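Numbering (this note's numbering), first residue to last: 4 to 216.
So the structure is just underneath, and the comments pick up after that.
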Amino acid sequence: MPSTVVHLAFAGILAAAVLGDAFSRRSLAVVFAVVIFADLDVFVGLAVPGAHRAAFHTLLLPAVAGGLLYYDLRRDRPWLTGRFGEQAPRVAWVSLLAFTFAAVGLDLFTHWGANPFYPLHDQFYSIGGTLEYSTQRGLVQTFVEIGTDPVGDGTGTRALGTTENYHVNSGVDPTAGKEPETVDRVFPVAQSGWQLLLVLTSPVVLWARASQD
Numbered sequence: 004m005p006s007t008v009v010h011l012a013f014a015g016i017l018a019a020a021v022l023g024d025a026f027s028r029r030s031l032a033v034v035f036a037v038v039i040f041a042d043l044d045v046f047v048g049l050a051v052p053g054a055h056r057a058a059f060h061t062l063l064l065p066a067v068a069g070g071l072l073y074y075d076l077r078r079d080r081p082w083l084t085g086r087f088g089e090q091a092p093r094v095a096w097v098s099l100l101a102f103t104f105a106a107v108g109l110d111l112f113t114h115w116g117a118n119p120f121y122p123l124h125d126q127f128y129s130i131g132g133t134l135e136y137s138t139q140r141g142l143v144q145t146f147v148e149i150g151t152d153p154v155g156d157g158t159g160t161r162a163l164g165t166t167e168n169y170h171v172n173s174g175v176d177p178t179a180g181k182e183p184e185t186v187d188r189v190f191p192v193a194q195s196g197w198q199l200l201l202v203l204t205s206p207v208v209l210w211a212r213a214s215q216d
């Protein structure tokens with residue numbers, strides 16, 4: 004599963020690409036803080052079983068925040084710009100973008116999945132598949148084959164379970180219920196080649212973007 008480091012690497016590349024004139028250490032810190040916030044639901048899971056990848060991995064959060072932000076910015080005197088300056092709206096929108104794609108999205112498109120509509124719809128999903136063009140079959144995609152993955156190859160949108168019967172392992176909470184004293188707590192940094200590449204690429208991109216100012 005993507006670690007917090009991988010999430011931040013992805014968010015850093017997004018921030019470098021779309022922050023524009025609002026790019027700064029402060030704005031980057033805001034984007035990173037929002038992405039880290041999503042992973043803090045691992046601690047909620049200690050008190051509420053199944054809350055990891057659900058409580059703060061719901062797309063309802065950016066939807067509500069985006070609605071409030073849109074409403075505020077349409078006012079004659081937006082509170083956000085009055086409190087944090089003219090660059091604040093762009094930083095806020097980029098933070099919501101990073102939360103949606105670098106935090107929730109990155110987990111949703113992995114094996115362990117996420118609970119993207121919690122608590123309105125309590126169901127963990129994992130999206131996987133391929134999109135390709137075949138000279139024999141034409142355009143082929145397997146991402147939207149909704150079901151329980153009957154062929155067992157990890158393709159399609161798989162329903163994994165609810166907060167009552169599905170647990171996402173972590174170093175903080177390795178197993179559902181009480182762990183034995185000998186439990187192995189693993190805190191990953193990169194668990195695949197593409198994750199390591201993302202972690203190594205992000206600081207280079209951020210350094211290059213900072214050097215332009």
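We treat Cβ as the ideally placed atom computed from N, Cα and C, and that holds for glycine.
Because the structure is a prediction, the values reported are computed rather than measured.
Original post:
Any contact of the segment 116-128 with the segment 53-60, i.e. 3+ C-beta pairs under 8 Å?
Top reply: Taking one beta carbon from each stretch, the segment 116-128 and the segment 53-60 have 3 or more pairs nearer than 8 Å; the two touch.
Subject >> First and last residue of the uninterrupted alpha helix (DSSP H) at Gln194 >> reply: First-last for Gln194: undefined, no H or E at that position.
**OP:** Entirely within the segment 69-112 and at least 4 residues each: give me those alpha helix (DSSP H) ranges in chain order.
**Re:** Fully enclosed alpha helix (DSSP H) runs of 4 or longer: 82-87, 91-101.
Original post:
DSSP puts Tyr128 in a beta bridge; with which residues?
Top reply: DSSP, once it has assigned bridges, lists Ala117, Ala162 as partnering Tyr128.
**OP:** Kindly give me the distance between the Cβ atoms of Ile39 and Thr7, rounded to whole angstroms, as I take these residues to be in contact under 8 Å.
**Re:** 6 Å between Cβ atoms; contact.
**OP:** Leaving aside the five residues before and after Gly150 along the sequence, list all residues of the same chain whose C-beta is less than 8 Å from its C-beta, in chain order.
**Re:** Note that Gly150 scores 49 on pLDDT, short of 50, meaning its location in the model is unreliable; the coordinates nonetheless yield the value given after this. If the five residues before and after Gly150 are omitted, its C-beta is found closer than 8 Å to the C-beta atoms of Gly159, Thr160, Arg161, Ala162, all from its own chain and listed in chain order.
Original post:
How about Pro81 and Pro92: are their beta carbons less than 9 Å apart?
Top reply: Cβ atoms of Pro81 and Pro92: closer than 9 Å.
Original post:
With which residues is Ser27 paired in a DSSP beta bridge?
Top reply: None, per the DSSP bridge assignment.
Original post:
Between Val37 and Ser98, is the Cβ-Cβ spacing less than 9 Å?
Top reply: Cβ atoms of Val37 and Ser98: closer than 9 Å.
Original post:
Where does the unbroken alpha helix (DSSP H) through Gly141 begin, and where does it stop?
Top reply: Note, Gly141: premise wrong, no alpha helix (DSSP H); beta strand (DSSP E) at 141-144.
Original post:
Is the beta carbon of Leu20 less than 9 Å from the beta carbon of Gln90?
Top reply: Checking the sequence, you will find Ala at residue 20 rather than Leu. No; because the gap between Cβ atoms is not below 9 Å, this pair is not in contact.
Original post:
From which residue to which residue does the beta strand (DSSP E) around Leu134 run?
Top reply: Where Leu134 is concerned, the enclosing beta strand (DSSP E) stretches over 134-137.
Subject >> DSSP state of His170 mapped onto helix, strand, coil >> reply: Coil at His170, not helix or strand.
Original post:
Buried or exposed: which applies to Pro5, given that a residue is buried once 16 or more other Cβ atoms fall within 10 Å of its Cβ?
Top reply: By the neighbour-count rule (16 or more Cβ atoms within 10 Å), Pro5 is buried.
Subject >> Same chain, Cβ closer than 6 Å to Phe35, neighbours up to 5 away in sequence not counted >> reply: Contacts found: Leu11.
**OP:** Please go through the same chain and pick out, in chain order, the residues whose beta-carbon is closer than 6 Å to the beta-carbon of Val171, but skip the five residues on each side of it.
**Re:** Closer than 6 Å at the Cβ level, and outside the excluded window around Val171, lie His55, Arg56, Trp115.
Subject >> Burial state of Ala50, where buried means 16 or more other Cβ atoms lie within 10 Å >> reply: Around the CB of Ala50, fewer than 16 other CB atoms lie within 10 Å, so the residue is classed as exposed.
Subject >> Assigned secondary structure, Asp42 (DSSP; H/G/I helix, E/B strand, else coil) >> reply: In the three-state scheme derived from DSSP, where H, G and I count as helix and E and B as strand, Asp42 is classed as helix.
Subject >> Exposure of Trp107, with buried meaning 16 or more beta-carbon neighbours within 10 Å >> reply: Note on residue identity: the sequence assigns Val, not Trp, to residue 107. Buried, because 16 or more other Cβ atoms sit within 10 Å of the Cβ of Val107.
Original post:
Using a C-beta cutoff of 9 Å, does Asp42 count as contacting chain B?
Top reply: Checking the listed chains, one finds no chain B in this structure; it contains a single protein chain.
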